[in-house]
Amino acid sequence: MANPTTSVAPARSQQAPEAGALVARRKRRYTLLTRHDKILLAFMVGVPLTLDLVLIWGPTVASVVLSFTNWSGIGPITDKNFIGFKNYQFMFTGYTLFWPAFLHNLTWLAWLTFIATPLGMFFAVLLDREMRGTRIYQSVFFLPVVLSLVVVGFIWELQYAPTDGFINNAFGLVNSGHLIDWLGNPRINLFAILVATSWRHIGYIMILYLAGLKSVDPSLREAARVDGATEVQTFFSVILPVMAPINVIIVVVTAIEALRAFDIAFIINQGKNGLELLSILITNNSISEASLVGFGSAIAVILLVISIGPIVLFLSRTMRTLA
Amino acid sequence: MGDSREAKRVQNLLALQDEALRLNPNLTRRDVLKIAGYGSLAAFIAACGGGATNTPTGITATGGTMSLGSYNTDPGSKAGTQAIVDAFTSANGGTKVKLNTVDHGTFQNTISQYLQGTPEDAFTWFSGHRMRFFAAKGLATPIDDVWSAVKSNYTSGFEASIKGNDGKAYAIPTDYYPWAVFYRKDVWAAKGYNVPKNWDDLKALCAKMKSDGLIPIAFADKDGWPAQGTFDILNLRLNGYDFHVNLLTGQNGQKWTDPKVTAVFKKWSEITQYYSPAFAGLTWEKGADQLLRKQAGMYLLGLFVSDEFKASGSQADVDQLDFFAFPHVGSSFDAEEALDAPIDVYMLTAKSPTLQNDLGQAKAFLEFVSKGSTQVTYWKNAPGSIPTANDADTSQYPALTKKAVQIVSGAKKITQYFDRDSRPDFAGPNGMQGFLLKFLSNPSQDTTNLQKDMQNFWDSLPPE
Numbered sequence: 008m009a010n011p012t013t014s015v016a017p018a019r020s021q022q023a024p025e026a027g028a029l030v031a032r033r034k035r036r037y038t039l040l041t042r043h044d045k046i047l048l049a050f051m052v053g054v055p056l057t058l059d060l061v062l063i064w065g066p067t068v069a070s071v072v073l074s075f076t077n078w079s080g081i082g083p084i085t086d087k088n089f090i091g092f093k094n095y096q097f098m099f100t101g102y103t104l105f106w107p108a109f110l111h112n113l114t115w116l117a118w119l120t121f122i123a124t125p126l127g128m129f130f131a132v133l134l135d136r137e138m139r140g141t142r143i144y145q146s147v148f149f150l151p152v153v154l155s156l157v158v159v160g161f162i163w164e165l166q167y168a169p170t171d172g173f174i175n176n177a178f179g180l181v182n183s184g185h186l187i188d189w190l191g192n193p194r195i196n197l198f199a200i201l202v203a204t205s206w207r208h209i210g211y212i213m214i215l216y217l218a219g220l221k222s223v224d225p226s227l228r229e230a231a232r233v234d235g236a237t238e239v240q241t242f243f244s245v246i247l248p249v250m251a252p253i254n255v256i257i258v259v260v261t262a263i264e265a266l267r268a269f270d271i272a273f274i275i276n277q278g279k280n281g282l283e284l285l286s287i288l289i290t291n292n293s294i295s296e297a298s299l300v301g302f303g304s305a306i307a308v309i310l311l312v313i314s315i316g317p318i319v320l321f322l323s324r325t326m327r328t329l330a
Numbered sequence: 391m392g393d394s395r396e397a398k399r400v401q402n403l404l405a406l407q408d409e410a411l412r413l414n415p416n417l418t419r420r421d422v423l424k425i426a427g428y429g430s431l432a433a434f435i436a437a438c439g440g441g442a443t444n445t446p447t448g449i450t451a452t453g454g455t456m457s458l459g460s461y462n463t464d465p466g467s468k469a470g471t472q473a474i475v476d477a478f479t480s481a482n483g484g485t486k487v488k489l490n491t492v493d494h495g496t497f498q499n500t501i502s503q504y505l506q507g508t509p510e511d512a513f514t515w516f517s518g519h520r521m522r523f524f525a526a527k528g529l530a531t532p533i534d535d536v537w538s539a540v541k542s543n544y545t546s547g548f549e550a551s552i553k554g555n556d557g558k559a560y561a562i563p564t565d566y567y568p569w570a571v572f573y574r575k576d577v578w579a580a581k582g583y584n585v586p587k588n589w590d591d592l593k594a595l596c597a598k599m600k601s602d603g604l605i606p607i608a609f610a611d612k613d614g615w616p617a618q619g620t621f622d623i624l625n626l627r628l629n630g631y632d633f634h635v636n637l638l639t640g641q642n643g644q645k646w647t648d649p650k651v652t653a654v655f656k657k658w659s660e661i662t663q664y665y666s667p668a669f670a671g672l673t674w675e676k677g678a679d680q681l682l683r684k685q686a687g688m689y690l691l692g693l694f695v696s697d698e699f700k701a702s703g704s705q706a707d708v709d710q711l712d713f714f715a716f717p718h719v720g721s722s723f724d725a726e727e728a729l730d731a732p733i734d735v736y737m738l739t740a741k742s743p744t745l746q747n748d749l750g751q752a753k754a755f756l757e758f759v760s761k762g763s764t765q766v767t768y769w770k771n772a773p774g775s776i777p778t779a780n781d782a783d784t785s786q787y788p789a790l791t792k793k794a795v796q797i798v799s800g801a802k803k804i805t806q807y808f809d810r811d812s813r814p815d816f817a818g819p820n821g822m823q824g825f826l827l828k829f830l831s832n833p834s835q836d837t838t839n840l841q842k843d844m845q846n847f848w849d850s851l852p853p854e
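Protein chains in written order, with our numbering: chain U, 8 to 330; chain W, 391 to 854.
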């Protein structure tokens, strides 16, 4: 916005610089923004802003307020409900599930970042090579993305079930009596559902990345080949830098997927016994029969603070590319 | 918070069984008061009660409409509920019942939103602490008028189980079922097993079953709550009814760090080696399947295991099903013969938008489900649920049901089950369900820290 019009703007009441610029020009040019236009503008800014405030910032602030109470979700909130930082204090010091859940979210993030997302990108690169049957492969890998995570959870439950699940039967573990409790053993169940999540995540990343690859100018590759670059060199030195905007999106999508991880673990066992996740602790505390709305909100606030990280990263990158 | 009312109820059931159908003189006024006072923990919040309609003008109505929210989703219980609803419609001048069936677990987990939102007129629920909790919050409509009209059909023990903290009636009890150790008669006869009389017998039997290639004790705790049944019975046997109730309600300063709780876990660890492999990944239905398919020798569960036998097996399988009370452990509390025997109820919501209109029909429905004939209709579909009404036709009961009535009658103390006797937030997936799974993942561990975690969690809960 650093341009001559800005210097005019401050003189023009408290309007935003852009609006000020327009108004300034209108004075000179005499017409342009009619009353109708102004109403329309106010409408177009006002409606999304109101929705944003009511649907996003309202609940957010409410959560923050609730996190200082011990409200049970029933009846009015009175002064007696406010208990200061007690929820936070208990969460960090006494609540045995918070740190495991936090760790599980981190594991989730690491798994997606270092295994699932790179795999998705790798598939995208492979499929971008116009090999035979690429459409079929695309469909196959993308299919899980279309399914709801609830369905994905159910499908994998059928794979993992100890006595009549596919995996234990296929490897003869049922008959030999050495059952592996994929979903019940707290040491391995997190990884079992990470495999299930990846099954879906890989297809998602693949499609996103493939779309980006398709938009890369083919002449770049040709130029690289003419210069004698190998396939690998071409990808890392030419394609990857060109794909920077997509890469940011991929990173942010991965981070967000890790933070909002919920469905599969909840379907499997309501997120207990090794599958605790922050989102599940929020749910189990605030909207279960337990009704510990205050405490659930406190966990939600922590998750919000963590989530702000990738959001800021994303926004700052987008703003920079726009500027 | 099940309590001595339960014990009394049992004795009343005895009366039922004797076909004498008389009130049990053992239920003293003091007992009733004690029972009523049990919810005092939550009593101070009860101030916000009110808001409930309680105008007994005509009480019931025919025709019209009403709605019912049901958590009966198992095949048998679902069919049973539908049968009741159909029978009600034809008996009550064609009252149209809008039946909304919600998955059992979901219904439970969302109950507080459900009752505060736009619930149906009537709903299926549990007696005990879980009923009083929502009644005290003003989310259920008192039904004293219906109760006084039907109470002659119940032994007085049931009356205590449906009273809120304010002394008003809130529910109609329709069925109950005991928890016991189930087994297949044919398997036991073939192998020559005998019902274990005490703890050592039980362990010896387990060892023998194991050497015979059976899973000695089917155990399936994916859902988290089944393990609580074992905790209940071991705690009742080792430490007695009073300790158990105090522990689950935190009354009289009872703490989870008590060495008596350690003793329960220690005792428990002696039999965990005989459990189903990979039990933390099995649902209770899978456990029932292991018993049904003769893979497992015993199964500690509620009588509803017979529903699963009926649904997945044949009538011949159901006929082979038998059970015995959990064996004595050699403590002074063995004589209590305590066990879990939860009661299921129907209640009226308070915030249903249609209740004002349908109150008569809804009350007629409650009156209808209090009839023995209605309960028998349900029981025929779900044989694991024993009717509660005095006028239920007990002559049709097969041996299994008769024995179930008998075992409950023989118990001097009855509890409702962990998650009905304690706070729901404490009993839930991130509470005791998780803690017990943690214990079971390594039963031989020193449980001191685990018990500390339990107590810390309890202490962190806001006042009810």
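All C-beta atoms in this analysis are idealised placements derived from N, C-alpha and C, irrespective of residue type, glycine included. Only a predicted model underlies this, so the values are computations on that prediction, with no experimental measurement involved.
Simplified DSSP assignment, three categories, for residue i
| i | result |
| --- | --- |
| Trp-537(W) | helix |
| Leu-5(U) | Outside the shown range of chain U (8 to 330) lies residue 5(U), about which nothing can therefore be said. |
| Asp-730(W) | strand |
| Leu-458(W) | strand |
| Arg-332(U) | Chain U is shown only over 8 to 330; residue 332(U) falls outside these bounds and no answer can be derived. |
| Trp-515(W) | strand |
| Trp-646(W) | coil |
| Leu-489(W) | strand |
| Val-585(W) | coil |
| Trp-615(W) | coil |
| Lys-378(W) | Lying outside 391 to 854, the shown extent of chain W, residue 378(W) is not represented and no answer is given. |
Local Cβ density within 10 Å of residue i, reported as buried at 16 or more and exposed below that
| i | result |
| --- | --- |
| Gly-466(W) | buried |
| Trp-106(U) | exposed |
| Ile-143(U) | exposed |
| Gly-453(W) | exposed |
| Thr-237(U) | exposed |
| Val-319(U) | exposed |
| Gln-705(W) | exposed |
| Leu-840(W) | buried |
| Asn-462(W) | buried |
| His-519(W) | buried |
| Leu-417(W) | Note that Leu-417(W) scores 41 on pLDDT, short of 50, meaning its location in the model is unreliable; the coordinates nonetheless yield the value given after this. By the neighbour-count rule (16 or more Cβ atoms within 10 Å), Leu-417(W) is buried. |
| Phe-121(U) | exposed |
| Thr-76(U) | buried |
| Val-54(U) | exposed |
| Asn-112(U) | buried |
Span separating the alpha-carbon of residue i from that of residue j
| i | j | result |
| --- | --- | --- |
| Val-536(W) | Gly-80(U) | 30 Å |
| Gly-459(W) | Ala-218(U) | 48 Å |
| Asn-771(W) | Gly-703(W) | 14 Å |
| Arg-420(W) | Phe-694(W) | Note that Arg-420(W) scores a pLDDT of 42, beneath 50, so its modelled location is shaky; the value from the coordinates is reported in the next line. Taking the straight line from one Cα to the other gives about 34 Å. |
| Phe-478(W) | Asn-747(W) | 18 Å |
| Tyr-167(U) | Ile-174(U) | 6 Å |
| Tyr-566(W) | Val-795(W) | 9 Å |
| Tyr-736(W) | Ile-562(W) | 5 Å |
| Glu-296(U) | Gly-495(W) | 10 Å |
| Lys-792(W) | Asp-712(W) | 11 Å |
| Leu-545(W) | Asp-707(W) | The sequence shown places Thr at residue 545(W), not Leu. Approximately 33 Å, taken between the alpha carbons. |
| Ile-46(U) | Asp-59(U) | 19 Å |
| Tyr-807(W) | Val-68(U) | 39 Å |
| Lys-553(W) | Tyr-560(W) | 6 Å |
| Lys-527(W) | Gln-498(W) | 16 Å |
| Ile-605(W) | Gln-685(W) | 6 Å |
| Gly-643(W) | Asp-843(W) | 17 Å |
Chain-ordered neighbours of residue i on chain B, where CB pairs are closer than 9 Å
| i | result |
| --- | --- |
| Trp-118(U) | Absent from the structure is chain B; the protein chains it does hold are U and W. |
Residues of the segment 644–670 of chain W whose Cβ lies closer than 9 Å to any Cβ of chain U, in chain order: Ser-666, Pro-667, Ala-668, Phe-669, Ala-670
Chain U contacts made by the segment 492–517 of chain W, where a contact means CB separation under 9 Å: Gly-495, Gln-498, Asn-499, Thr-500, Ile-501, Ser-502, Gln-503, Leu-505, Gln-506
The segment 167–190 of chain U: positions lying closer than 9 Å to chain W by Cβ: Tyr-167, Ala-168, Pro-169, Thr-170, Asp-171, Gly-172, Asn-175, Gly-184, His-185, Leu-186, Ile-187, Asp-188, Trp-189, Leu-190
Residues, ordered as in the chain, of the segment 97–125 of chain U that lie near chain W by beta-carbon distance below 8 Å: Phe-97, Gly-101, Tyr-102, Thr-103, Leu-104
Positions along the segment 824–850 of chain W whose CB lies within less than 7 Å of some CB in chain U: Gly-824, Leu-827, Ser-831, Asp-843, Asn-846, Ser-850
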